[in-house]
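**Q**
Chains as they are written, first to last, in the numbering used here: chain A, 80 to 454; chain R, 80 to 454.
#1: Is any beta-carbon of chain A found at less than 9 Å from that of residue 426 of chain R?
#2: Evaluate residue 206 of chain A with the Cβ neighbour count: other Cβ atoms within 10 Å of its Cβ, from every protein chain shown; 16 or more gives buried, anything less gives exposed.
#3: Can you name, in chain order, every residue of its own chain whose Cβ lies under 7 Å from the Cβ of residue 107 of chain R, other than the five neighbours on each side?
#4: What is the DSSP secondary structure of residue 346 of chain R, reduced to helix, strand or coil?
#5: Measuring only the C-alpha atoms, how far is residue 140 of chain A from residue 159 of chain A?
#6: State yes or no: is the C-beta of residue 253 of chain A within less than 9 Å of the C-beta of residue 270 of chain A?
#7: Out of A/225, A/137, A/151 and A/274, state which residue places its alpha-carbon closest to the alpha-carbon of residue 388 of chain A.
#8: Output the distance between the C-alpha atoms of residue 168 of chain R and residue 210 of chain A, rounded to the nearest integer angstrom.
#9: Pull up the distance between the alpha-carbon of residue 147 of chain A and that of residue 414 of chain R, whole angstroms please.
#10: Drop a sphere of 10 angstroms on the beta-carbon of residue 391 of chain R, count the other beta-carbons inside from all chains shown, and report buried for 16 or more, exposed for fewer.
#11: Applying the criterion that 16 or more other CB atoms from any shown protein chain within 10 Å of the CB defines a buried residue, is residue 333 of chain A buried or exposed?
#12: Sort out for me which residues DSSP pairs residue 468 of chain A with in a bridge.
#13: Name the DSSP bridge partner or partners of residue 90 of chain R?
#14: Would you list, in chain order, the members of the region 154-172 of chain A that have their beta-carbon closer than 8 Å to a beta-carbon of chain R?
#15: Who are residue 167 of chain R's beta bridge partners in DSSP?
#16: So residue 215 of chain A is in the beta strand (DSSP E); what residue range does that whole segment cover?
#17: Should the region 432-446 of chain A be regarded as contacting the region 297-313 of chain A, the criterion being three or more beta carbon pairs within less than 8 Å?
#18: DSSP three-state label for residue 203 of chain R, please.
#19: Hey, does residue 49 of chain R have any beta-carbon neighbour from chain A nearer than 9 Å?
#20: Between residue 396 of chain A and chain R, is any beta-carbon pair separated by less than 9 Å?
#21: Which residues share a DSSP beta bridge with residue 225 of chain A?
#22: Report buried or exposed for residue 103 of chain R, applying the criterion of at least 16 other Cβ atoms within 10 angstroms of its Cβ.
#23: With a Cβ-Cβ cutoff of 9 Å, do residue 394 of chain A and residue 212 of chain A count as a contact?
#24: Taking a Cβ distance cut-off of 9 Å, strictly less, list which residues of the region 125-156 of chain R are near chain A, in chain order.
#25: Roughly how many angstroms separate the alpha carbons of residue 306 of chain A and residue 245 of chain R, rounded to a whole number?
#26: If you draw a straight line from the C-alpha of residue 239 of chain R to the C-alpha of residue 417 of chain R, how long is it?
#27: Ignore the nearest five residues each way along the sequence and tell me which others in residue 375 of chain A's own chain have a CB closer than 7 Å to its CB.
#28: So which residues of chain R does residue 108 of chain A contact, with C-beta pairs closer than 8 Å?
#29: Going along the chain, which residues of the region 378-404 of chain R sit with their C-beta nearer than 9 Å to a C-beta in chain A?
#30: I'd like the span of the beta strand (DSSP E) that includes residue 490 of chain A, first residue to last.
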């Protein structure tokens, strides 16, 4: 059967063959989109309105959606067997149990997304399939998605570059004294003009506001000498971007210049370490040690992450407990974070594609070697 | 202790006193924001990064957040007892179990959000608190939030009106031949300029695209005689708007004129029924019967819903199985949906505040009596 265009079908099929699962049931937006090709937008907003793909080891998949989404599913998904339920009147879990029974899988090993399925649905499933072996398939699906396909690489790359451009153009249009909100609005307008479907997150703070991990821009004016730190994400179709950039207002103090240089050198040196065979924890530890050598401290629990359908932090996460080896065609956002409580936060986030040869930096629209000065 | 400004504290305290819960634990963005006052934005995007409020029947609440969010939580929440965990190294569920043990509640009745907590965390909680009675508190919290406070009514109202204006102004700036995407971009830019923080959803389709429940705008041009149907939602702080409007391009056919008039009359007649004492199912059934009398069919499983923190469909939902009686200070979005497969979809969504006297229509920026014509 035809599979959706972004899916790594070869990897899915070979990992499924190696696994214990007789069937895998996807329920999160990211995995339902990945395996069905249909972006059921309401999965983002109405979590109780389940959409499910049923992916048996042998035989064809089934797609279960609320009847409101039927036309959408039929238009976008190559899956032919689409079943619909009426919200508030029929149970999607009952329909899932019926489909598994029909396929002779109700007493088999069923992989489900235990990191997505809510307790209510999980308890209902346990009750309706007392003889099934329900096992977590979250890591299995994550492992499939971890190696990107060429169309995925293209959409993730373009989203990142468009977002970088939106930020850079907004910096250029901003003057000292403008409000945090003005700068944020310019980025939002730019990114939508550059093809984004909507804003996913806009963290933006100046001066001490930059120290808050997820500051929402306010009417505070951008004052001479202050740091501005922003972390911006927008949806492009089912995927999303995630770019952090910094600027300083009018003048750069020697302290900021010095810390920025040390910070940015470490970010680039960490990127240079991202090669096939390097473990995620090694990249994290290298970065932490580089901070220590530079007389700075790394306080964050991770320094980067992959991305994929619906944005978000995907594996491999660059954190100290992750033994995962890096492989070609992984994509990584690299974003160490440093706080100087007296000045503000330092945060630059770039997108890297891993190739056989090593890391390829994709977000090169703006040159981050020197901190950007808003004049 | 001081509670957050939007919270219906009286109602929370009296319903908790009547309930079986010794403690309620909130975990979803909507309930954590509602009870803590801190908008932990990453709850929208990183669901495994738990934030939890622990709300005992007696004694002070506790707020558990990832250490990345600590500063944010301390700045925004009146809760004094804030505990932090390190992501990937410490378990937030273990911290929750410890807090409950410390408060002497680990063998008591603990209300949790079974419609939010994922199976993985739920299983961990069951294992860490073998003697607790874990019960679902979703409806309890929903019941608290159902009656809006004056500050909530104000923010929800202003969000709706700003969104209505953004749509109306975008209609006025649009010409026949423009693309679906052009119209969408105008609405997005307008709503951000009018104070929205980000776009939550933009469903917009012309002609047959309008029939798809959640169509993403494309490069298809808006052609003479076609219907345009859009359903737009934007975040304003922690709350969100949700407005559907329609237009027709250049000329209105007699069919569209006639069906629109019948559709819109039914929508208004349904709104007129929304009085304290009416049950949600009665409103739905009235609407369904009115469609039948008008020779039309209502196919959707609900005709409206309340709203609240994070937008989304909140109780009371106007569907045929909901016995909930309407009460003053509920707010309802009313949106019956009618499809003519040969023409397109009819969909107007308005916001109503229930008062002692009856329904107060809040979205009156644009007059929907006649269908808007884009010329």
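For each residue, glycine too, the CB sits at the ideal point set by N, CA and C. In this text, all values refer to a predicted model and were calculated from it rather than measured experimentally.
**A** So, from the listed chains and residues:
#1: no
#2: exposed
#3: Cβ within range, chain order: 192 and 195.
#4: helix
#5: Roughly 8 Å separates the two Cα atoms.
#6: no
#7: A/225
#8: A direct Cα-to-Cα measurement between residue 168 of chain R and residue 210 of chain A gives close to 35 Å.
#9: 14 Å
#10: buried
#11: exposed
#12: Residue 468 of chain A lies beyond the residue range present for chain A, which begins at 80 and ends at 454; the question has no answer from this structure.
#13: According to DSSP, residue 90 of chain R bridges with nothing at all.
#14: Here the close residues are 154, 165, 166, 167 and 168.
#15: Residue 167 of chain R is not bridged to any residue.
#16: 212-215
#17: no
#18: helix
#19: This structure cannot settle anything about residue 49 of chain R, because the visible part of chain R is limited to 80 through 454.
#20: yes
#21: BP columns for residue 225 of chain A are empty, so no partner.
#22: buried
#23: no
#24: 125, 126, 127, 128, 145, 146, 147, 148, 149, 150, 151 and 154
#25: 33 Å
#26: When rounded, the separation of the alpha-carbon atoms in residue 239 of chain R and residue 417 of chain R is 22 Å.
#27: Excluding residues within five positions, the ones whose Cβ falls inside 7 Å are 341 and 417.
#28: Per Cβ cutoff of 8 Å: no residues; residue 108 of chain A is ~11 Å from chain R at best.
#29: 378, 379, 380, 381, 389, 390, 391, 392, 396, 398, 399, 400 and 401
#30: Absent from the model: residue 490 of chain A. The displayed extent of chain A is 80 to 454, so no value can be given.
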